[in-house]
Amino acid sequence: MPWRRWAEIALLAGPGVVVFVTFVIVPVLMAGYYGFFEWSGYGVPTEFVGLRNYELIFTDGAFLEAMWHNGFIVVMSLILQGPVAIGIALLLNRKMRGRSLIRVLIFVPYVISEVIVAIGFSLMLHPTGAVNDVLGRIGLGGVAMDWLADSDVAIWSLMLILVWKYIGFAVILMLAGLQGIPDELREAAAIDGASYWQTQWHIALPLLGPTIRIWAFLSIIGSLQVFDLVYVIWGQYVADTAGTSTMATYMVANGRISGEYGYGSAVAVVIFVISLVIALIYQRYVLRRDTEGALTEGVA
Numbered sequence: 022m023p024w025r026r027w028a029e030i031a032l033l034a035g036p037g038v039v040v041f042v043t044f045v046i047v048p049v050l051m052a053g054y055y056g057f058f059e060w061s062g063y064g065v066p067t068e069f070v071g072l073r074n075y076e077l078i079f080t081d082g083a084f085l086e087a088m089w090h091n092g093f094i095v096v097m098s099l100i101l102q103g104p105v106a107i108g109i110a111l112l113l114n115r116k117m118r119g120r121s122l123i124r125v126l127i128f129v130p131y132v133i134s135e136v137i138v139a140i141g142f143s144l145m146l147h148p149t150g151a152v153n154d155v156l157g158r159i160g161l162g163g164v165a166m167d168w169l170a171d172s173d174v175a176i177w178s179l180m181l182i183l184v185w186k187y188i189g190f191a192v193i194l195m196l197a198g199l200q201g202i203p204d205e206l207r208e209a210a211a212i213d214g215a216s217y218w219q220t221q222w223h224i225a226l227p228l229l230g231p232t233i234r235i236w237a238f239l240s241i242i243g244s245l246q247v248f249d250l251v252y253v254i255w256g257q258y259v260a261d262t263a264g265t266s267t268m269a270t271y272m273v274a275n276g277r278i279s280g281e282y283g284y285g286s287a288v289a290v291v292i293f294v295i296s297l298v299i300a301l302i303y304q305r306y307v308l309r310r311d312t313e314g315a316l317t318e319g320v321a
């Protein structure tokens with residue numbers, strides 16, 4: 022009966038919908054509302070400024086630079102993490118000694134708190150930290166530099182930290198995709214005379230496509246929202262001069278810390294809209310065939 026079906030849907034999906042509306046939809050709507058006001062965060066906002074906050078956002082060079090940094094992180098995360106993760110996953114998918122231990126060690130950085138990672142790398146990459154000390158001891162003291170404050174290398178230091186932190190998640194995801202490929206296909210390829218790497222190139226990688234696309238989607242969205250590592254290592258002020266600011270650090274620095282909660286809310290809305298548009302475009306043109314292939318309704 023229809024009412025029983027709707028009752029089951031309400032019972033199973035209801036709690037999740039309530040949580041999603043309460044902690045996602047309502048805050049987004051509130052941020053959109055506050056973004057039309059000049060508001061200090063106390064009391065009811067009364068000074069309506071219309072679209073002025075949004076005009077200031079897109080005319081502020083600091084925000085545009087932060088947005089460029091996010092774009093750089095998106096592209097470089099895909100370029101650096103993707104091929105490395107696939108290569109490691111292909112190697113770990115073979116029978117070898119210590120495979121389980123290696124998998125655990127690769128995944129460990131992903132489960133470590135961003136704050137702990139940030140503090141550890143900030144100490145190591147400090148001018149008097151472990152990295153420069155090791156370089157000096159092995160005769161490469163001339164290479165030593167301020168890895169965090171030099172605007173020419175700071176963004177690359179950030180990328181190194183991000184790759185180290187999140188490569189484990191990508192590897193585990195790729196391994197899960199590889200283990201879902203039927204062994205019969207590999208055996209058939211071996212019978213036909215294909216080498217191991219030919220099998221990976223012509224069978225494993227094409228069938229790994231859906232997993233790669235899902236990982237790329239998660240990587241893009243995560244790169245657009247990078248905050249913790251940058252904020253802890255560089256702080257709200259040094260990030261601008263070091264060239265590592267992101268849209269999220271800009272939002273905090275110019276919203277909460279500056280006491281301009283209306284402006285900060287407008288920045289939050291802009292970040293949300295950018296992420297939503299990219300997610301919708303990605304799903305429409307990249308994930309569409311994967312989602313359509315997963316639908317079974319109406320299939321005889």
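Count the sequence shown with the numbering used here and you get residues 22 to 321, in order.
Every residue, glycine too, gets a C-beta built ideally from N, C-alpha and C.
Asked                                                                                                                                                                            : Found
If we ignore side chains and look at the alpha-carbon of each, how far apart do residue 52 and residue 37 end up?                                                                : 22 angstroms
Does DSSP classify residue 128 as helix, strand or coil?                                                                                                                         : helix
Are residue 63 and residue 291 touching if we call contact CB-CB under 9 angstroms?                                                                                              : no
Within 10 angstroms of its Cβ, does residue 216 collect 16 or more other Cβ (buried), or is it exposed?                                                                          : exposed
What is the DSSP secondary structure of residue 69, counted as helix, strand or coil?                                                                                            : strand
Considering only the beta carbon of each residue, do residue 273 and residue 248 sit closer than 9 angstroms?                                                                    : yes
Pick helix, strand or coil for residue 57, following the three-state DSSP scheme.                                                                                                : coil
Suppose you measure from the CA of residue 299 to the CA of residue 289; what does that come to, to the nearest Å?                                                               : 16 angstroms
Residues in the same chain with beta-carbon distance under 6 angstroms from residue 84, minus the five sequence neighbours each way, listed in chain order, please.              : 78, 271
If you draw a straight line from the C-alpha of residue 115 to the C-alpha of residue 286, how long is it?                                                                       : 49 angstroms
Which residue marks the beginning of the alpha helix (DSSP H) containing residue 296, and which one marks its end?                                                               : 282-306
Who are the near neighbours of residue 256 in its chain, counting only those whose CB is closer than 7 angstroms to its CB and skipping five residues on each side?              : none
Between 82, 108, 142, 128, which lies nearest to residue 251 when the distance is taken from Cα to Cα?                                                                           : 142
Thinking C-beta only, is residue 34 closer than 9 angstroms to residue 169?                                                                                                      : no
So residue 350 and residue 178 are in contact, right, with Cβ under 8 angstroms, and what is the actual spacing, rounded?                                                        : Because residue 350 is not part of the residues shown, which for the chain are 22 to 321, the question remains open.
Using alpha carbons as the reference points, say which of 103, 54, 190, 73 lies closest to residue 2.                                                                            : Shown here, the chain extends from 22 to 321; a query on residue 2 therefore has no answer.
Candidates 58, 41, 199, 268: which alpha carbon is nearest residue 246's?                                                                                                        : 268
Could you tell me the alpha carbon to alpha carbon distance between residue 164 and residue 182, rounded to whole angstroms?                                                     : 19 angstroms
Buried or exposed: where does residue 236 fall if 16 or more other Cβ atoms within 10 Å of its Cβ makes it buried?                                                               : buried
Please list, in chain order, all residues of the same chain as residue 244 whose beta carbon is under 7 angstroms from its beta carbon, the five residues on each side excluded. : 91, 94, 95, 98
Using the Cα positions of residue 197 and residue 125, report the straight-line distance between them to the nearest angstrom.                                                   : 14 angstroms
Quick check: what's the CA-CA separation for residue 68 versus residue 295?                                                                                                      : 26 angstroms
Using 9 angstroms as the threshold, is the C-beta distance between residue 206 and residue 228 below it?                                                                         : yes
Measure the alpha-carbon distance for residue 129 versus residue 70 and round it to whole angstroms.                                                                             : 48 angstroms
What residue from 303, 231, 281, 265 has the CA that sits closest to residue 89's CA?                                                                                            : 265
Using the rule of at least 16 other Cβ atoms within 10 Å of the residue's Cβ for burial, across every protein chain shown, is residue 254 buried or exposed?                     : buried
Whole angstroms are fine: how far does the CA of residue 238 sit from the CA of residue 87?                                                                                      : 21 angstroms
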